[in-house]
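Single-structure report; data block below.
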Amino acid sequence: SLIPQNKWNKRHLSWRVRTYPKDSALLGRDTVRALMYYALKVWSDIAPLNFHEVAGSDADIQIDFTKADHDDGYPFDGPGGTVAHAFFPGERFTAGDTHFDDDEAWTFRSPDSHGMDLFAVAVHEFGHAIGLVHTSAMESIMRPYYQGPVGDPLKYDLPYEDKVRVWQLYGVRDSVSHTIRPGGPSQTAEPPVLLDLPENRSNVLLAQDAPDRCSSHFDAVAQIRGEAFFFKGKYFWRLTREKHLVSLRPAQIHRFWRGLPTNLDSVDAVYERPGDHKIVFFKGLKYWVFKDNIVEEGYPRPISDFGLPLEGLDAAFVWLHNGKTYFFKDNHYWRYDDHLRHMDLGYPKDSTLWKGLPPHLDDAMSWSDGSSYFFKGKDYWRVPGSGMEVEAGYPRLIAKDWLLCTEMQSDSPDAEPKSTETRGNVQHHPDHAENGYEVCSCTS
Amino acid sequence: APSLSSEQLDTGVDWLSKFGYLPPPDPVTGQLQTKEALTKAIKAMQRFGGLKETGVFDQATLGLMKTPRCSLPDVSEGTVGRRKR
C-alpha cells in the first residue's frame, strides 16, 4: 500500500461501544460488546497493546453503528457497498473511532451465508484503528473486500502477513514467537484465558448464605470497565453501564476474580487503576492487582506500597475530575498518583473537606455521569463533577436506586413469598421452585 | 470488455475515485479523467484486487466493485494517476 502508516504512541487504549445496532434482534448488546472485545484481543494477543473497555465519552476507540451520512466524510450507502470504516491513530479527535453501517444485517455464527459477520469486519476495522492500511495479500484480514466469516472468535488466529505488519508497527508482544509461520507447531495448546462474559444463571443454585441485596450494606463498591460492582461478604452483584442488574443472584467473588484466596470472607475496597486499567482489591493490610479477572503474579502485597498507614482502608476511588486515586480511612483521606505511583504531598487530610459526607465510609466510586458516589450503610451520597460537596437531596437508598429493590422487599430464602409476586421488573414463581432452584422471568 | 452505459462508466469512475485509484474530480474546473489515467487506475485496482490486469471494466472487475467492502481507500487518493512533472 502507498498510504503512510500511523501508530499510537501509547500502548493502553480504551474503547467503548457508543451506539448499538438498531435492530438488535440478531445481536444483543452484550454480544456486540463481547465481539468487539474479542476482535481487539486478536491484535493485543500478538502486539504489545492493551485494550480496556471504559464508560464515558473519552475512549480512544469509540464504536458506533450508524447509517447514511454521519458527518465524518465517509457516508454509508445502505445494505452492501461500504460496510464499515475506522480512523487511523493520531491526535485528531476521531482517531481510532470505528463505524459500522447500521443498514447491514450484522450477524454472528450465522448458520448460512447471509448477513455480514460482525467479528470478521471488526477485526479488519480495528486493524485500521491501530494503524494498518489495506493490503492486496489474498490471505490478509486487511484486504478491503468482505470475505465472509473467519470462524470462532475465541480461536481466531491472524494470518502471518498481518502479524508481521502489526509487529513492524508495535513490535512483538512478550511470549509471542515471531518466527512461527503457518504450518508450524501452534504457539500454545490451550486457548488464551478470556474475560468471563455474563452467564446464563437460570440454573445456578441459590446459596443459603447468600446475602440479601435489598437489606445489605456493602463492603465495597467499584466501577470497573464502566460497570458497577457491589461486594458483600463472599459475593458481589454486577450492574451494566445502563444500571441493569446482570443477575438478581450474587456471584461468588473468588469464582470470578481468579486468584483471590478461597477463604477470603470479604473485601474492603476495590478500584480500577487509571492508566493500565488493572483492578486493585484491598483486604486488611494486603492488596491484589488483577489484569482483567486474573490476579497478577507476586500478590498479595502490603498496602504500605501505597504509603498508606497499616490500619486498612475504608474506600478507594478514582476521581474523574483529576484522574487521581483517593483513599479513605475513618476521618481521613489520601490522594495517590497512580501514574507516578506515589502518594501526593500534604495528605492525609480531614475527610470533612468533602462537605456532607459521613466518616467511616464503606466505599466510593466514580460513575459515567461524571459524579462521584459514596456509600455507607444503606445510603449513598452523590458529589457532582469537580465539586467537593454533596448534592442536595442525598443521602438516598442504595437498594432502591441501584439494586432494583422496592421498599420492604427482601429476596432472602426465608422471606420467599407464597404466591407469584412482582418485585421491580421481575416476577417470581414459587410454584415452579424446587430443590433450591428459583424460577424467575424478567419483564424488562 | 462489455460495452458500458455512461451511467455504469460514471459509477466505475466514482468507485475508483472513492477508493484512491483516481484523483477526485475538481469541483471548480470539472476536468474529466483522461483515458490513460482511467486505464491505469483500472489496472491498479485489478492488481490490488488480485484480478487479471486488463485495464477495462470487464465482468470480473465490475463484480469486485460490487463486493461489500471497507469505506477506506486502498491507496492514498490520486497517487496512481499522478506523475512528477
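Going down the list, the protein sequences come from chains A and B. To convert, note that position 236 of the first sequence is 233 in the working numbering; the numbers rise steadily by one, no gaps. To convert, note that position 44 of the second sequence is 152 in the working numbering; the numbers rise steadily by one, no gaps. Backbone N, C-alpha and C define an ideal beta-carbon position, used for all residues, glycine too.
Residue-level contact to chain A via CB, B:Asp122, 8 angstroms cutoff: Here residue 122 of chain B corresponds to residue number 14 of the second sequence, with the count starting at 1. Output row for B:Asp122: interface = no.
Where A:Thr440 falls, given that 16 or more other Cβ within 10 Å makes a residue buried: Stepping through the first sequence from its first residue, residue 440 of chain A is reached at position 443. Per-residue confidence for A:Thr440 stands at a pLDDT of 39, beneath the threshold of 50, marking its modelled position as unreliable; no derived number is given.
Span of the alpha helix (DSSP H) around A:His251: The residue you call residue 251 of chain A lines up with position 254 of the first sequence. That run of the alpha helix (DSSP H) goes Ile250 to Phe253.
DSSP state of A:Pro410 mapped onto helix, strand, coil: Position 413 of the first sequence holds residue 410 of chain A. For A:Pro410, the pLDDT reaches just 39, beneath the cut-off of 50, and the residue's location in the model is therefore unreliable, although a value from the coordinates is still provided. Residue state, collapsed to three classes: helix.
Where the beta strand (DSSP E) containing A:Gln220 begins and where it ends: Against the first sequence, residue 220 of chain A aligns to sequence position 223. Note, A:Gln220: beta strand (DSSP E), Ala217 to Ile221.
CB contact below 8 angstroms: B:Thr175 versus chain A: Within the second sequence, the letter at position 67 stands for residue 175 of chain B. So yes, B:Thr175 belongs to the interface.
Distance, A:Ala81 Cα to A:Glu50 Cα: Numbered from 1 along the first sequence, position 53 holds the residue referred to as residue 50 of chain A. Numbered from 1 along the first sequence, position 84 holds the residue referred to as residue 81 of chain A. Rounded to whole angstroms, A:Glu50 to A:Ala81 spans 20 angstroms at the Cα level.
Host beta strand (DSSP E) of A:Asp341 (start-end): Reading the first sequence from its first residue, position 344 is the one you call residue 341 of chain A. Taken as a continuous stretch (DSSP letters only), A:Asp341 belongs to no beta strand (DSSP E), as it is neither H nor E.
Status (buried if at least 16 other CB within 10 Å, exposed otherwise) for A:Ser54: Your numbering for residue 54 of chain A matches position 57 in the first sequence. That one is exposed.
Any 3 or more C-beta pairs closer than 8 angstroms across the stretch 64 to 77 of chain A and the stretch 159 to 169 of chain B: no
Counted within 10 angstroms of its Cβ, other Cβ atoms place A:His336 as buried (16 or more) or exposed: Counting from one through the first sequence, the residue named residue 336 of chain A turns up at place 339. Answer is exposed; the Cβ neighbour count stays below 16.
Under 8 angstroms between C-beta atoms of A:Val443 and A:Gly353: A question about residue 443 of chain A goes unanswered here, because the residues of chain A that appear run from -2 up to 441.
Neighbouring residues, chain B, relative to A:Ala44 (Cβ below 7 angstroms): The sequence position of residue 44 of chain A within the first sequence is 47, counting from 1. What A:Ala44 touches in chain B: nothing, since even the nearest Cβ is about 20 angstroms away.
C-beta atoms of A:Trp351 and A:Val380 nearer than 8 angstroms: Within the first sequence, numbered from 1, the residue matching residue 351 of chain A stands at position 354. Within the first sequence, numbered from 1, the residue matching residue 380 of chain A stands at position 383. A contact, by the Cβ cut-off of 8 angstroms.
Assigned secondary structure, B:Thr119 (DSSP; H/G/I helix, E/B strand, else coil): For the purposes of this step, residue 119 of chain B is taken as the residue at position 11 of the second sequence. It is helical.
Residues of the stretch 154 to 182 of chain B whose Cβ lies closer than 9 angstroms to any Cβ of chain A, in chain order: Arg155, Phe156, Gly157, Gly158, Leu172, Lys174, Thr175, Pro176, Arg177, Cys178, Ser179, Leu180, Pro181 and Asp182
Which of helix, strand or coil DSSP assigns to B:Gly128: Here residue 128 of chain B refers to the residue found at position 20 when the second sequence is read from its first residue. Residue state, collapsed to three classes: coil.
Partners in chain B for A:Pro356, counting only beta-carbon separations shorter than 9 angstroms: Position 359 of the first sequence, counted from the first residue, corresponds to residue 356 of chain A. Neighbours of A:Pro356 on chain B: none; closest Cβ ~56 angstroms, over 9 angstroms.
Cβ of A:Ser442 within 8 angstroms of any chain B Cβ: In the structure as shown, chain A begins at -2 and stops at 441. Residue 442 of chain A is therefore absent and cannot be evaluated.
Segment contact, 8 angstroms Cβ cut-off, at least three pairs: the stretch 296 to 307 of chain A with the stretch 359 to 371 of chain A: no
Simplified DSSP assignment, three categories, for A:Ser213: As a position in the first sequence, residue 213 of chain A is number 216, starting the count at 1. Of the three classes helix, strand and coil, the one that applies to A:Ser213 here is coil, per DSSP.
Closer than 8 angstroms to chain B by CB, A:Ala119: For the purposes of this step, residue 119 of chain A is taken as residue 122 along the first sequence, with counting starting at 1. Not one chain B Cβ lies under 8 angstroms of A:Ala119.
Alpha-carbon to alpha-carbon, A:Asp341 and A:Thr322: Stepping through the first sequence from its first residue, residue 322 of chain A is reached at position 325. Stepping through the first sequence from its first residue, residue 341 of chain A is reached at position 344. Computed Cα separation, rounded: 10 angstroms.
The stretch 91 to 99 of chain A contacting the stretch 139 to 148 of chain A, beta-carbon criterion three pairs below 8 angstroms: no
7 angstroms CB neighbourhood of A:Cys91 in its chain, flanking five on each side removed: Locating residue 91 of chain A in the first sequence gives position 94, counting from the first residue. Just to set this straight, residue 91 of chain A is Thr in the shown sequence, not Cys. The answer, listed in chain order, is Asp69 and Phe84.
Straight-line Cα distance separating A:Ala102 from A:Gly75: Taking the first sequence and counting its residues from 1, one reaches residue 75 of chain A at position 78. Taking the first sequence and counting its residues from 1, one reaches residue 102 of chain A at position 105. So the alpha carbons of these two residues sit roughly 10 angstroms apart.
Cβ-based burial, A:Asp206 [other Cβ within 10 Å; buried from 16]: Start at 1 with the first residue of the first sequence, and residue 206 of chain A comes out as number 209. Exposed: under 16 other Cβ atoms inside 10 Å.
Contact under 8 angstroms by Cβ, A:Ala248 with A:Met362: By 1-based counting over the first sequence, the position of residue 248 of chain A is 251. By 1-based counting over the first sequence, the position of residue 362 of chain A is 365. Against a cut-off of 8 angstroms, the Cβ pair of A:Met362 and A:Ala248 comes out as no contact.
Nearest-angstrom Cα separation, counted from A:Ile43 out to A:Arg178: Here residue 178 of chain A corresponds to residue number 181 of the first sequence, with the count starting at 1. Here residue 43 of chain A corresponds to residue number 46 of the first sequence, with the count starting at 1. Only weak support is given to the placement of A:Arg178: the predicted model assigns it a pLDDT of 48, under 50, and the value that follows is read from those uncertain coordinates. Rounded to whole angstroms, A:Arg178 to A:Ile43 spans 14 angstroms at the Cα level.
Simplified DSSP state of A:Trp446, which is helix, strand or coil: This structure gives no information on residue 446 of chain A, because the portion of chain A shown stretches from -2 to 441.
With 16 other Cβ atoms within 10 Å as the buried cut-off, status of A:Ile291: Taking the first residue of the first sequence as position 1, residue 291 of chain A is located at position 294. It is exposed - the Cβ of A:Ile291 has fewer than 16 other Cβ atoms within 10 Å.
The beta strand (DSSP E) enclosing A:His49, as first and last residue numbers: Position 52 of the first sequence, counted from the start, is the residue given in the question as residue 49 of chain A. Per DSSP, A:His49 belongs to the beta strand (DSSP E) from Asn47 to Glu50.
Contacts of A:Val444 in chain B (Cβ-Cβ under 9 angstroms): As displayed, chain A neither begins before -2 nor continues past 441, which places residue 444 of chain A out of reach and without an answer.
Per-residue burial, A:Gln165 [other beta carbons within 10 Å of its own, 16 or more giving buried]: Counted from its first residue, the first sequence places residue 165 of chain A at position 168. Classification for A:Gln165: exposed.
8 angstroms Cβ cutoff, A:His274 in contact with chain B: Position 277 of the first sequence, counting from 1, holds the residue named residue 274 of chain A. No, A:His274 lies away from the interface with chain B (no Cβ there is under 8 angstroms from its Cβ).
Beta carbon proximity, A:Gly304 to chain B, threshold 8 angstroms: Here residue 304 of chain A is taken as the residue at index 307 of the first sequence, counted from 1. By this cut-off, A:Gly304 is not an interface position.
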